[in-house]
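12 is the number of the first residue of the sequence shown in my numbering; add one for each residue after it. All C-beta atoms, glycine included, are put in the ideal place defined by N, C-alpha and C.
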Amino acid sequence: MLTRKQHELLLFIHERMKESGIPPSFDEMKEALDLASKSGIHRLITALEERGFIRRLPNRARALEVIKLPEAYTASGQARRGFSPSVIQGSLGQPAARPSASPAAEEEPGATATIPVMGRIAAGVPISAIQNNTHNIGVPADMIGSGEHYALEVKGDSMIEAGIFDGDTVIIRNSSTANPGDIVVALVDEEEATLKRFRRKGASIALEAANPAYETRIFGPDRVKVQGKLVGLIRRYH
């Protein structure tokens with residue numbers, strides 16, 4: 012799956028080539044996606060190439076070839092179903108409705124609920140997000156309570172002082188808001204996602220690690236979207 016920005020860029024390139032037969036310039040791509048710099052376009056192009064959607068042709072300027080389009084779109088590029096930003100392998104976006112605990116199940120001692128594991132979340136330096144429901148797991152119903160939930164496998168050590176280690180599985184309640192001090196899944200620039208503690212610094216948002224080896228990152232409020240809040244953790248001992 013693609014992030015929203017990757018998806019937008021792929022369709023923009025596809026439509027421009029249908030119209031003129033020539034790929035758009037990096038400046039045109041930057042303007043179309045409303046990005047601040049061409050470096051973001053370079054990252055998106057590389058991601059699309061790695062995922063097999065486009066090919067860069069050697070020894071030719073502005074030479075791009077669209078190999079395939081997402082299955083969610085018709086040949087004309089019109090959406091058959093909705094698309095939401097994702098945050099996985101580094102994060103996760105708003106998941107569709109998934110199985111969760113029923114009220115009756117929550118009242119039964121020892122009852123379990125099934126939630127989707129949506130891949131890996133970076134507890135370290137954020138990495139490009141992709142959406143991928145890898146499998147489902149059962150968790151104690153009283154761990155999650157009401158609301159929609161999903162799970163992520165932790166990659167990295169930036170939250171070790173909060174008791175979250177590489178290889179742990181975190182349980183996330185789907186939410187777009189957070190209070191200062193909450194540990195959240197945060198989507199940055201609709202492209203990268205990470206597991207960090209949510210803070211406010213004046214009008215800005217701070218994503219704070221729980222490991223002194225990592226710096227707190229400060230962003231404008233329009234650059235960060237909360238994708239969910241930590242409510243539980245599962246750890247396996249080998």
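(message) Short of 8 Å in beta carbon distance, which residues of its chain neighbour A108, apart from the five on each side in sequence? Order them along the chain.
(response) For A108, the predicted model reports a pLDDT of 34, less than 50, meaning its position is unreliable; a value from the coordinates is still stated below. Answer for A108: E159, listed in chain order.
(request) Go through its chain and collect everything with a Cβ distance to K236's Cβ below 6 Å, but skip five positions before and after it. (result) Contacts found: L198.
(message) My assumption, with CB atoms under 8 Å, is that V196 sits in contact with G156. Please give the rounded CB distance.
(response) The beta-carbon distance between V196 and G156, rounded to whole angstroms, is 18 Å. This is too long to meet the 8 Å contact definition.
(request) Leaving aside the five residues before and after A221 along the sequence, list all residues of the same chain whose C-beta is less than 6 Å from its C-beta, in chain order. (result) Only M170, E172, A173 meet the Cβ criterion.
(message) I'd like to know whether the C-beta atoms of E76 and R66 end up nearer to each other than 8 Å.
(response) yes
(request) At 4 residues or longer, and completely inside the region 18 to 88: list those alpha helix (DSSP H) runs for me, N to C. (result) The qualifying runs are 37 to 44, 49 to 61.
(message) Among the candidates E219, K79, P34, R247, whose CA atom is the shortest distance from the CA of H18?
(response) K79
(message) So, at 7 Å on beta carbons, what are the nonlocal neighbours of R27 in its own chain, with the 5 sequence-adjacent residues on each side left out?
(response) Taking C-beta separations shorter than 7 Å and ignoring five residues to either side along the sequence, the partners of R27 in its chain run P34, P35, following chain order.
(message) Whole angstroms are fine: how far does the CA of L218 sit from the CA of R131?
(response) 18 Å
(request) Compute the distance between the beta-carbons of A162 and A124, then report whether it is under 8 Å. (result) no
(request) Could you spell out where the alpha helix (DSSP H) holding I245 opens and where it closes? (result) Unbroken run through I245 is the beta strand (DSSP E), 235 to 245; no alpha helix (DSSP H).
(request) Might you give, ordered along the chain, the residues of its own chain that have their beta carbon closer than 6 Å to the beta carbon of I52, omitting 5 neighbours on each side? (result) F37, M40, K41
(request) Work out the CA separation of R208 and S186 for me, nearest whole Å. (result) 15 Å
(request) Mind listing, in chain order, the continuous beta strand (DSSP E) runs of no fewer than 3 residues lying wholly within the region 118 to 201? (result) You should have 123 to 133, 146 to 151, 160 to 166, 180 to 184, 194 to 199.
(request) Could you pull the start and end residues of the beta strand (DSSP E) that S219 belongs to? (result) For the sequence presented, residue 219 should be read as Glu rather than Ser. It spans 215 to 219 - the beta strand (DSSP E) in which E219 sits, taken as one unbroken run.
(request) Rank R246, A204, I245 by C-alpha distance to the C-alpha of R234 and give the top, closest one. (result) A204
(request) Hey, could you find the ends of the beta strand (DSSP E) E203 is sitting in? (result) 203 to 212
(request) Please say whether L55 and K16 have beta carbons closer to each other than 8 Å? (result) yes
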